[in-house]
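Protein chains: 4
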Amino acid sequence: MTPPPSEPRDGPSANRGVPGRKRSEQSREALLQAARELSVSVQRYRDISIQAIAKRASSSKATIYRWWTSKAELIRDAVLDQPLPMPRGDSLRADIESAIRSQREIMKTAASLPVFAGTWAELVENRVLANQGGPMQDCPLGSQMVGILESVFDRARQRGDWEGPVHLHAAYEVLFGSLFCRLIGQFGDFNEEELDRLTLRVIEAARPLSNSDSR
Amino acid sequence: MTPPPSEPRDGPSANRGVPGRKRSEQSREALLQAARELSVSVQRYRDISIQAIAKRASSSKATIYRWWTSKAELIRDAVLDQPLPMPRGDSLRADIESAIRSQREIMKTAASLPVFAGTWAELVENRVLANQGGPMQDCPLGSQMVGILESVFDRARQRGDWEGPVHLHAAYEVLFGSLFCRLIGQFGDFNEEELDRLTLRVIEAARPLSNSDSR
Amino acid sequence: MTPPPSEPRDGPSANRGVPGRKRSEQSREALLQAARELSVSVQRYRDISIQAIAKRASSSKATIYRWWTSKAELIRDAVLDQPLPMPRGDSLRADIESAIRSQREIMKTAASLPVFAGTWAELVENRVLANQGGPMQDCPLGSQMVGILESVFDRARQRGDWEGPVHLHAAYEVLFGSLFCRLIGQFGDFNEEELDRLTLRVIEAARPLSNSDSR
Amino acid sequence: MTPPPSEPRDGPSANRGVPGRKRSEQSREALLQAARELSVSVQRYRDISIQAIAKRASSSKATIYRWWTSKAELIRDAVLDQPLPMPRGDSLRADIESAIRSQREIMKTAASLPVFAGTWAELVENRVLANQGGPMQDCPLGSQMVGILESVFDRARQRGDWEGPVHLHAAYEVLFGSLFCRLIGQFGDFNEEELDRLTLRVIEAARPLSNSDSR
DNA sequence: GTATAACCGAGACGGTACGTCAAGTCTTGTT
DNA sequence: AACAAGACTTGACGTACCGTCTCGGTTATAC
Numbered sequence: 001m002t003p004p005p006s007e008p009r010d011g012p013s014a015n016r017g018v019p020g021r022k023r024s025e026q027s028r029e030a031l032l033q034a035a036r037e038l039s040v041s042v043q044r045y046r047d048i049s050i051q052a053i054a055k056r057a058s059s060s061k062a063t064i065y066r067w068w069t070s071k072a073e074l075i076r077d078a079v080l081d082q083p084l085p086m087p088r089g090d091s092l093r094a095d096i097e098s099a100i101r102s103q104r105e106i107m108k109t110a111a112s113l114p115v116f117a118g119t120w121a122e123l124v125e126n127r128v129l130a131n132q133g134g135p136m137q138d139c140p141l142g143s144q145m146v147g148i149l150e151s152v153f154d155r156a157r158q159r160g161d162w163e164g165p166v167h168l169h170a171a172y173e174v175l176f177g178s179l180f181c182r183l184i185g186q187f188g189d190f191n192e193e194e195l196d197r198l199t200l201r202v203i204e205a206a207r208p209l210s211n212s213d214s215r
Numbered sequence: 216m217t218p219p220p221s222e223p224r225d226g227p228s229a230n231r232g233v234p235g236r237k238r239s240e241q242s243r244e245a246l247l248q249a250a251r252e253l254s255v256s257v258q259r260y261r262d263i264s265i266q267a268i269a270k271r272a273s274s275s276k277a278t279i280y281r282w283w284t285s286k287a288e289l290i291r292d293a294v295l296d297q298p299l300p301m302p303r304g305d306s307l308r309a310d311i312e313s314a315i316r317s318q319r320e321i322m323k324t325a326a327s328l329p330v331f332a333g334t335w336a337e338l339v340e341n342r343v344l345a346n347q348g349g350p351m352q353d354c355p356l357g358s359q360m361v362g363i364l365e366s367v368f369d370r371a372r373q374r375g376d377w378e379g380p381v382h383l384h385a386a387y388e389v390l391f392g393s394l395f396c397r398l399i400g401q402f403g404d405f406n407e408e409e410l411d412r413l414t415l416r417v418i419e420a421a422r423p424l425s426n427s428d429s430r
Numbered sequence: 431m432t433p434p435p436s437e438p439r440d441g442p443s444a445n446r447g448v449p450g451r452k453r454s455e456q457s458r459e460a461l462l463q464a465a466r467e468l469s470v471s472v473q474r475y476r477d478i479s480i481q482a483i484a485k486r487a488s489s490s491k492a493t494i495y496r497w498w499t500s501k502a503e504l505i506r507d508a509v510l511d512q513p514l515p516m517p518r519g520d521s522l523r524a525d526i527e528s529a530i531r532s533q534r535e536i537m538k539t540a541a542s543l544p545v546f547a548g549t550w551a552e553l554v555e556n557r558v559l560a561n562q563g564g565p566m567q568d569c570p571l572g573s574q575m576v577g578i579l580e581s582v583f584d585r586a587r588q589r590g591d592w593e594g595p596v597h598l599h600a601a602y603e604v605l606f607g608s609l610f611c612r613l614i615g616q617f618g619d620f621n622e623e624e625l626d627r628l629t630l631r632v633i634e635a636a637r638p639l640s641n642s643d644s645r
Numbered sequence: 646m647t648p649p650p651s652e653p654r655d656g657p658s659a660n661r662g663v664p665g666r667k668r669s670e671q672s673r674e675a676l677l678q679a680a681r682e683l684s685v686s687v688q689r690y691r692d693i694s695i696q697a698i699a700k701r702a703s704s705s706k707a708t709i710y711r712w713w714t715s716k717a718e719l720i721r722d723a724v725l726d727q728p729l730p731m732p733r734g735d736s737l738r739a740d741i742e743s744a745i746r747s748q749r750e751i752m753k754t755a756a757s758l759p760v761f762a763g764t765w766a767e768l769v770e771n772r773v774l775a776n777q778g779g780p781m782q783d784c785p786l787g788s789q790m791v792g793i794l795e796s797v798f799d800r801a802r803q804r805g806d807w808e809g810p811v812h813l814h815a816a817y818e819v820l821f822g823s824l825f826c827r828l829i830g831q832f833g834d835f836n837e838e839e840l841d842r843l844t845l846r847v848i849e850a851a852r853p854l855s856n857s858d859s860r
């Protein structure tokens with residue numbers, strides 16, 4: 001959607017020969033920063049106006065739409081597209097717990113919860129309108145998390161902590177769904193014990209069914 | 216918010232002697248029905264306009280705002296406030312699976328997914344603005360589900376299928392979170408096997424931790 | 431338009447035998463009084479709401495519309511329909527001056543100027559809609575004034591102060607038009623000298639043209 | 646209120662360097678024209694809706710409110726702000742008569758009478774709300790007429806037709822007030838004789854009082 | 001250097017929904 | 001039958017903000 005930083009696409013001098021002023025990376029950063037600031041200072045998604053972002057960034061609406069196709073895209077890039085650190089613990093359990101903590105942290109700090117919900121809702125709208133489906137491609141958090149889980153379980157397998165296939169999807173759903181449910185649903189945050197239990201639930205979700213199961 | 220049908224609040228004859236035209240139950244139903252119809256015929260929450268609902272119900276904007284404080288409240292009452300049937304199976308597993316199916320059905324049919332997401336997002340906004348917290352009180356689905364889980368586990372205990380305490384909250388989070396994640400996140404629907412696995416995950420989430428736990 | 435006091439129409443007992451509660455003259459007076467009070471306490475015609483009048487009179491909207499066909503009619507009856515005293519001076523000049531003073535007083539005190547203008551405007555609308563024309567029949571001030579001028583000039587003729595025909599219409603226009611212009615147009619009020627000059631202008635306007643006229 | 650055509654304020658190049666899209670003169674004209682058309686095609690002031698003006702002008706409500714603060718301002722600019730031609734006769738009497746005819750023409754053709762009245766009433770309201778007073782500044786007809794009278798009497802003085810001071814204010818009141826009274830009051834129009842008489846009355850009103858006056 | 005072209009800020013534009021408000025009508029139960 | 005209360009339909013209002021477009025002006029490469 002967003003051709004990020006613009007040069008990196010084909011190397012720094014790929015557009016050699018193209019006349020005209022180049023995009024201002026400074027503007028882009030200022031806009032993202034302004035969007036981030038507004039996102040936390042505001043109580044509703046609709047309170048973040050494109051106009052206000054442009055003004056705060058000493059930029060203009062037109063420049064925003066030159067880089068992003070919609071308000072939701074901008075907020076997503078500004079607020080949700082933050083790198084999740086790859087867990088580097090020495091056990092599957094420690095890694096999963098670390099992943100949960102990272103994601104929770106972003107969901108709590110990146111924006112107020114309603115902004116989070118509003119952005120997500122609008123991204124869903126956009127996607128449906130464009131007839132796109134697939135696994136959470138609009139939510140960087142989501143796609144990153146899938147990668148992280150994959151890598152974490154790989155390491156566990158190498159470590160000998162895990163055998164057989166991994167139900168990544170199920171693990172992801174338990175992890176992300178529970179967090180979402182909690183934070184958006186405003187139950188309040190997890191305490192340490194709940195975090196521990198969630199970790200185990202995620203791991204269990206990933207484990208394939210044995211032939212013996214409950215009633 | 217909406218004092219529904221109006222009389223039932225204090226019994227049928229509590230407002231005997233109250234002068235003035237009574238609330239038109241016909242209008243109320245027509246508005247809810249119109250909201251329901253628009254909710255499924257439309258791809259985005261914002262495409263449901265108050266004006267259109269009023270027009271389709273042969274009613275008026277003013278009447279809507281007399282009874283609901285916002286568009287989101289109306290959509291919630293129309294679309295999300297549908298009774299979840301109480302499962303009546305002969306095993307815990309059957310009951311949980313039934314609960315999951317019911318909720319999934321509502322989430323899939325009551326409105327298009329983006330409408331669901333948009334409504335939820337706006338309800339979250341309203342709640343934050345009003346400084347209210349607590350467990351999903353704005354989402355009837357959520358609160359009903361908690362009651363259903365409670366009852367289902369109670370029956371399991373009486374049946375001898377369950378011992379000890381129940382982590383209702385955890386079960387709820389796995390169930391609702393996974394569904395939400397799936398349907399809103401547009402992974403597509405669950406197949407039978409996934410449904411089966413989700414059922415087991417919900418049950419496991421409710422079970423308290425034993426002292427022996429995974430790696 | 432307004433069936434005034436209602437009984438006088440066919441005598442006090444004409445509707446003997448007609449079942450049902452009789453109209454409350456008390457209500458009617460309370461409504462007029464409430465309209466009068468609101469008219470002076472408010473800056474714009476639109477700030478006088480039917481609802482507010484009804485409430486202040488401890489009456490109801492329905493009752494208002496049972497007696498008057500529109501808001502403007504009510505305000506007219508309440509605010510503009512005040513008796514102009516018949517001048518009883520001993521000279522034409524004194525009488526005219528007295529008439530001017532009376533009318534000015536009503537225009538200044540009966541309602542704020544904008545309320546006066548708004549009421550008039552709406553009365554004009556109603557009249558045009560009803561395809562009625564004719565001399566100011568909706569503005570009691572106007573019709574009374576014509577009568578007063580007529581009588582005043584009659585007495586002057588009897589007194590020997592006036593000979594020949596009277597251009598009542600012209601006198602009325604100068605008198606009423608100047609006042610209207612001044613007060614609605616917000617030039618401020620007349621001082622004594624201006625009042626004196628206006629008096630003379632009104633008298634001159636009534637005098638038929640002689641054969642010799644100005645340059 | 647409306648900074649008309651926008652450049653002419655300080656000369657054609659005063660706003661050199663001012664960024665931003667310039668006001669669309671085409672929009673402005675289309676809106677004024679649409680307002681004019683609606684003003685004559687309609688029987689009541691309230692029947693001219695901002696929405697309808699915008700639509701007819703292929704413009705939008707937002708654009709209207711960007712340049713005019715209220716409906717009344719727009720109608721005023723569209724309908725009342727039409728240039729009065731300066732009389733160029735060879736006698737005072739001819740000039741005054743010409744001025745009367747011009748003003749009458751505008752009052753009769755610019756809008757239906759109720760629209761005229763409604764606009765004026767709302768302008769009066771606005772002015773009172775803003776605590777502004779002064780001589781008819783909201784009614785271009787009014788202020789133009791004062792200038793025209795001034796100039797006409799100046800020329801009469803140079804011509805030798807007039808001596809001494811002029812009571813402009815009084816002349817204005819008789820002229821404008823009579824016209825207003827007639828047309829708004831719906832007495833019907835002036836005939837030639839009445840016009841003639843009005844002309845003389847206006848001239849007499851301007852003449853200062855001599856020491857000998859009527860009874 | 002000078003031409004060209006993409007960028008930039010500012011901000012006006014068309015469009016559309018919102019939520020408010022008052023007018024005038026209708027309904028209900030009481031007097 | 002008239003009344004107070006109050007819910008109803010209607011429709012304009014004025015606001016807000018989206019995403020687009022038009023300005024004048026500013027770079028940066030190409031010739």
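Chains as they are written, first to last, in the working numbering: chain A, 1 to 215; chain B, 216 to 430; chain C, 431 to 645; chain D, 646 to 860.
For glycine and all other residues, C-beta sits at the position ideal for the given N, C-alpha and C.
Interface flag, residue i vs chain C, CB-CB below 7 Å
| i | result |
| --- | --- |
| S658 of chain D | Note on S658 of chain D: pLDDT 39, under 50, position unreliable in the model; no value is reported. |
| A702 of chain D | no |
Under the three-state DSSP convention, the category residue i falls into
| i | result |
| --- | --- |
| M575 of chain C | helix |
| W375 of chain B | The sequence shown places Gly at residue 375 of chain B, rather than the Trp named in the question. G375 of chain B: coil per DSSP, three-state reduction. |
| M301 of chain B | coil |
| K61 of chain A | helix |
| W498 of chain C | coil |
| V42 of chain A | coil |
| I48 of chain A | coil |
| K108 of chain A | helix |
| P759 of chain D | helix |
| R370 of chain B | helix |
| A775 of chain D | coil |
Closer than 8 Å at the beta carbon, the chain D residues around residue i
| i | result |
| --- | --- |
| L543 of chain C | V769 and V773 |
Residue i: contacting residues in chain C (beta-carbon distance under 7 Å)
| i | result |
| --- | --- |
| S823 of chain D | E603, V604 and G607 |
Under 9 Å from the C-beta of residue i: neighbouring residues of chain A
| i | result |
| --- | --- |
| L439 of chain B | Residue coverage of chain B in this structure runs from 216 to 430, which leaves residue 439 of chain B outside it and unanswerable. |
Outcome for residue i when other beta-carbon atoms lying within 10 angstroms are tallied against a minimum of 16
| i | result |
| --- | --- |
| Q158 of chain A | exposed |
| T549 of chain C | buried |
| N406 of chain B | exposed |
| V381 of chain B | buried |
| S684 of chain D | buried |
Chain D contact residues for residue i, given Cβ-Cβ distances below 7 Å
| i | result |
| --- | --- |
| A547 of chain C | W765, A766 and V769 |
Chain-ordered chain B contacts of residue i [CB-CB under 9 Å]
| i | result |
| --- | --- |
| Q43 of chain A | E340, V343 and L344 |
The ligand ADP heavy atom lying under 6 Å from the CB of residue i
| i | result |
| --- | --- |
| V663 of chain D | Only the bare structure without any ligand can be found here, which leaves the ligand ADP out of the picture. |
Any C-beta of chain D under 7 Å from that of residue i
| i | result |
| --- | --- |
| A465 of chain C | no |
is_contact[residue i, chain A] using C-beta, thresh 7 Å
| i | result |
| --- | --- |
| E419 of chain B | yes |
Residue i: contacting residues in chain C (beta-carbon distance under 9 Å)
| i | result |
| --- | --- |
| A602 of chain D | Here chain D has residues from 646 to 860 only, and residue 602 of chain D is not among them. |
Contact list for residue i against chain B, beta-carbon separation under 7 Å
| i | result |
| --- | --- |
| I184 of chain A | V339 |
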